[in-house]
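Engineer: Residue numbers (the working numbering): 73 to 225. A single structure is presented below for examination.
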């Protein structure tokens with residue numbers, strides 16, 4: 073978080089610790105009090121954490137359709153995501169979230185959200201609308217039904 077010297081952010085890393093060498097590296101390099109490793113949590117607890125967060129940061133180099141991004145959008149949490157094939161299928165830069173390629177760009181996105189509350193609110197609203205319209209269980213089941221019926225014709 074050295075790129076964010078002018079802001080006070082708390083980074084919470086949530087997820088199961090499957091690579092102990094990575095966990096040890098994070099713990100040793102991020103011993104500062106503003107970085108927390110919480111380990112795996114229940115969905116309800118993760119959603120509670122997300123509801124109190126400033127933004128959701130997805131740093132995956134490779135990603136399919138990221139359910140966590142869709143959850144963040146549905147929970148009205150602005151999304152900052154690494155530009156990759158899966159993420160760009162969900163996040164439109166400047167419309168439903170912000171995309172980055174480098175750590176410096178990720179920091180710029182966080183700073184931009186901190187400084188521009190109108191942008192933050194616009195991203196939140198447009199992302200929530202997109203999730204309701206395109207990714208809701210009703211929309212998903214309708215698309216699956218249409219696909220199955222078209223295959224049976």
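Every residue gets a Cβ at the ideal spot worked out from N, C-alpha and C, and that includes glycine. Quick caveat: nothing in here was measured; it's all calculated off a predicted structure.
Considering only their Cβ atoms, is the gap separating residue 127 from residue 152 smaller than 9 Å?
Structural biologist: Contact: yes.
Engineer: I'd like to know whether the C-beta atoms of residue 202 and residue 191 end up nearer to each other than 9 Å.
Structural biologist: Not a contact, by the Cβ cut-off of 9 Å.
Engineer: For residue 224, is the classification buried or exposed, using 16 other Cβ atoms within 10 angstroms of its Cβ as the cut-off for buried?
Structural biologist: Result: exposed.
Engineer: State the beta-bridge partners of residue 87 as determined by DSSP.
Structural biologist: Partner(s): none; residue 87 has no beta bridge.
Engineer: By the three-class DSSP mapping on this structure, what secondary structure does residue 133 have?
Structural biologist: Residue state, collapsed to three classes: coil.
Engineer: Check for me: the beta strand (DSSP E) holding residue 227 runs from which residue to which?
Structural biologist: Nothing in the structure corresponds to residue 227, since the chain is present only between 73 and 225.
Engineer: According to DSSP, simplified to helix, strand and coil, what is residue 73?
Structural biologist: Here the model assigns residue 73 a pLDDT of 45, short of 50, so the residue's position is not dependable and the matter cannot be decided.
Engineer: For residue 196 and residue 219, I'd like the C-alpha separation in whole angstroms.
Structural biologist: When rounded, the distance between both Cα atoms is 30 Å.
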